[in-house]
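For what it's worth, numbering that gives the first Met the number 0 labels the leading residue of the sequence shown as 0, then goes sequentially. Idealized CB from N, CA, C, for every residue including glycine. For reference, the structure is listed below as structure tokens.
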Amino acid sequence: MSVPSPLRRVLAALALGLMLQAAPAAGAPIPDLGPVAAQPPASALPAGWSRRGVFMEVLVRAYQDSDGDGIGDLNGLTSRLDYLQSLGITGLWLMPVFESEDRDHGYAVKNYRAIEPDYGTLADFDRLLAEAHQRGIAVIVDYVMNHAAAAHPLFEGAYDSRKSPYTDWFIWSEDKPSGWNTFSGEPWREGNQRWYYAVFDTGMPDFNLRNPKVVDFHLDNLRFWLNRGVDGFRFDAVGVLFENSAAGWENQPENHQLLKRVQDLLASYGEKYMVCESPSDPAPFASPDSCGSAFAFGLQKHILSSAKLGRLRDDVLYSLRKMPVPRMATFLANHDHFAGARRARQFDGDEKGYRAAVATLLTLPGLPFLYYGEEIGLGQSQPVSNADQSLRGPMSWSSEPNAGFTTAAKPFRANVANWQTANVAAQEKDPASLLNWYRGLIALRNAEPALSQGNFTALSQRDQPVFAFLREHEGSRLLVLINYARQPAQHALPASFKAADWTVAFPQGAASPFVAAKAGTPVARVQLGAQQVIVLKAR
């Protein structure tokens, strides 16, 4: 979830005021709020799918346009499932696909049981699910419990009248509370002679999750999608679900209690997966008594920093020690600017460094998530001055007009600057391309349970150029060697490591890195080329 700028907050406030003043007293039709009974469908996915594999985060709006209107849609995504399968992707995280007010990222939801009209219909969504499942690809969808759109009919009614039956679905104060300051600044917004709480933006009022009716509403919405065959959810902004005071508006105990209820609901449907976003303090949300899994914020920056600096940052080792990484979702980039720029921009032409970072992600513990386009080095959309939107440009499929994303004269957002070279068609033809580097690493991870489920043992210390570590699972052993330095480097391993005991697993055709150790030294030695990656498997 992105944090708005002060200017955007002012503009949003003005727009909201005009919109609500113009709204008819009766308000828009109330969406379906009826209870939903659990009807668990049979799963088409293999047992254990949620503990292994590789996910891809996709903004449907930016992936593939199927009808020529310049906007990506569900049918367009369905048409690209064969590509995702060929890449080795086993799960999709769809950024919000529900009907929204923002017409961009989707986090300002207007109707939790309807598909965004720009994207298609429920029938299109059902077809996407069925086609993905036929290819062994799970589908989880983004869900926002914290807030709705200001244009949601429930909030519009509550805004217009204190007597609305939905007034206590949101958080109100007759007087402006003092002393509040969140990541978006002042969270109390003036509205119709009252103040309402909206931690992110004027246009996204927070739900009152202390109201049991609101919680039931969300649980029913989740059942609605689970009954259709959705494989799980990514929950947005879980650190701010509850607030207790001006000093206690984030990471409150009630957050975990609610998420445990949600986790229990998903468990009643069989094997499902939920993962939560809490950038400021992710580890507690990975607890079995909370969300059960959370994105490993912080780790991604330390990996990228190591690859750019040419040495292993101690923060990587610290994160792997202190965070329950095997239960966490790992990543290097996503749709929010605070998570980092597109990696092609961060590495500024240093593709070997880029590849070293990717290899780290795909060989460490955790469930890795990629961000659409990173496998081809997709750049940022223009203008890059809009930090979030620049990360959400159209996917580049070919060197044809508009990069093969749309047949429209103009896509919803400008193409990325490097689309003529960073596109799928160009890289498919090159065995040494970044795309095929990803494909090889993903294939290795999918084939080796030691990478997806195994124990982790570090064989390096801070500031060393080579990150060496062991992954082990049920008798299978993999030795990962990543040289972050821009020059060749040697690394010492315990003397028990013998060249004859290991064979190269990745990349194909690479020579064994073992070299003769100095006489009298009780160690084994490996030598790697500049920014080289080698994965060895025990014979």
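- Secondary structure of Arg126 (DSSP, three-state): helix.
- The Cβ neighbour count for Asn254, taken over all protein chains shown within 10 Å, is at least 16; the residue is labelled buried.
- Phe455 sits in a strand when the DSSP states are folded into three classes.
- Judged by DSSP secondary structure, Ser292 falls outside any alpha helix (DSSP H); it is assigned neither H nor E.
- Taking each of Pro34, Phe294 and Ala509 in turn and checking the Cα distance to Lys536, the smallest one comes out for Ala509.
- Ser292 is not a Cβ neighbour of Arg320, given a cutoff of 8 Å.
- The beta-carbon separation of Ser398 and Ala425, rounded to 6 Å, stays under the 8 Å limit for a contact.
- Collapsing the DSSP output to three states places Ala137 in a strand.
- Residue state for Tyr158 is assigned as helix, using DSSP reduced to three classes.
- Close CB contacts of Ile114 within its chain, under the 8 Å cut and outside five residues either way in sequence, are with Leu73, Val96, Phe97, Glu98, Thr120, Leu121, Asp123 and Phe124 (chain order).
- Straight across, the Cα-Cα distance linking Trp436 with Glu189 is about 52 Å.
- For Pro512 and Ala518, the gap between their C-alpha atoms comes out near 18 Å.
- Counting the other CB atoms within 10 Å of its CB gives Val315 a total of 16 or more, which places it among the buried residues.
- Nearest to Asp500 by alpha-carbon distance, out of Pro521, Arg476 and Lys259, is Arg476.
- Counting along the chain, Glu471 sits inside the beta strand (DSSP E) bounded by residues Val465 to His472.
- Sorting Gln192, Trp187 and Val213 by C-alpha distance to the C-alpha of Thr201 places Trp187 at the top.
- In the structure shown, Ile29 falls within a coil segment according to DSSP collapsed to helix, strand and coil.
- Setting aside the 5 residues that flank it on each side, Ala402 is surrounded in the same chain by Pro393, Ser395, Trp396, Asn414, Trp418 and Asn422, each with a C-beta closer than 7 Å to its C-beta; the list follows chain order.
- Collapsing the DSSP output to three states places Lys109 in a strand.
- Taken through DSSP and simplified to helix, strand or coil, Val532 comes out as strand.
- Using a 10 angstroms sphere on the CB of Asn207, the tally of other CB atoms reaches 16 or more, which defines it as buried.
- At least 8 Å separates the beta-carbon of Ile170 from that of Tyr142.
- Residue environment for Phe337: exposed (fewer than 16 other C-beta atoms within 10 angstroms of its C-beta).
- For Gln299, the number of other beta carbons within 10 angstroms of its own is at least 16, and it is reported as buried.
- In this structure, Phe284 sits away from Pro204, with a CB-CB distance that is not shorter than 8 Å.
- Counting only runs of 3+ residues, the beta strand (DSSP E) found wholly inside the stretch 81 to 109 occupies 90 to 93 and 97 to 99, in chain order.
- Taking one beta carbon from each stretch, the stretch 212 to 223 and the stretch 234 to 254 have fewer than 3 pairs nearer than 8 Å; the two do not touch.
- Bridge partners of Ala537 according to DSSP: Trp501.
- The C-beta separation of Asn454 from Glu471 comes to about 5 Å, placing the pair in contact by the 8 Å criterion.
- In the DSSP annotation of this structure, Phe330 is not part of any alpha helix (DSSP H); the continuous beta strand (DSSP E) holding it starts and ends at Ala328 to Phe330.
- In this structure, Leu527 is the residue among Pro34, Leu58 and Leu527 with its C-alpha nearest to the C-alpha of Ala355.
- Secondary structure at Trp48: helix, using DSSP grouped into helix, strand and coil.
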